[in-house]
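The sequence shown lines up with residues 969 to 1150 when you count with the working numbering.
The beta carbon of each residue, even a glycine, is placed where N, CA and C say it ideally should be.
For reference, the structure discussed in these notes is given below.
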Amino acid sequence: MDLKQIENILAIANDGSISRAADRLFLTQSALNQQLLKLEKELGMPLFERRSHSMIPTEAGQIYLEGAREILQIKENTYKKLNDLHQEGHGTISMAYSPERGAEMFSEVFPVFHLLYPDIRFHAKELRNKRTEQALLNKDVDLACMTYTEGQQNIHFSYIANVKEEIVLGVPASHPLAYLAG
């Protein structure tokens, strides 16, 4: 098992088909299919259920894909640490943001941060709050902009309140709750 093979199998899972993955990887369908068949033979079990127009990971495939993602994350983290060691004052910060408000918060903070630290690169990805928390726990990201309520705080994190906002309920004037509006 090599890293290129891992990346190729992940591409099949992400694209849902060998043909789309092959196009994106600039490989022939046949070459990519042969890689998959060889790996499945080596493992002694199928990694994907082949359907007419899609490839669905089997239970074994899901286990393989989880391990593959972990391996690639270790590689990325190692390269990042080596790069940061080599270039003091340089580096990459990986960040997740929630679709609800995180993107807006990120767009407010990033321009100022970039002016202060132009040699620091940001790698940002949009994730739902639960996936964001998991990414923080797994150290897949360094920090996150997300929304939460006081009761949702995770004991494994430190929180810095950035914005507090009021939430309002809008109803038609004829709605029974409309009388509550002052």
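- Looking only at Asp1087, Ala1064, Arg1089 and Ser1022, the smallest Cα-Cα distance to Ser985 is reached by Ser1022.
- DSSP, reduced to helix, strand and coil, places Lys972 within a helical segment of the structure shown.
- Bridge partners of Met1063 according to DSSP: Ala1092 and Leu1111.
- The C-alpha of Leu1148 lies about 27 Å from the C-alpha of Thr1115.
- Two segments are said to touch when three or more pairs of C-beta atoms, one from each, lie closer than 8 Å; by this definition the stretch 1070-1085 does not touch the stretch 1031-1048.
- Following the DSSP letters along the chain, one finds Ile986 inside the alpha helix (DSSP H) bounded by residues Ile986 to Leu993.
- Assignment of Arg1019 by DSSP, reduced to helix, strand and coil, places it in the coil class.
- Straight across, the Cα-Cα distance linking Gly1138 with Pro1086 is about 43 Å.
- In the three-state reduction of the DSSP assignment, Pro1025 falls in the strand class, which pools E and B.
- Here the alpha carbons of Ser1062 and Cys1113 stand approximately 11 Å from one another.
- Per DSSP, Asn1106 is not a residue of any alpha helix (DSSP H), being assigned neither H nor E.
- The continuous alpha helix (DSSP H) containing Leu1000 extends over residues Gln997 to Leu1011.
- Thr1100 places its beta carbon less than 7 Å from that of Ala1064.
- Here DSSP, grouped into helix, strand and coil, assigns Ser1142 to coil.
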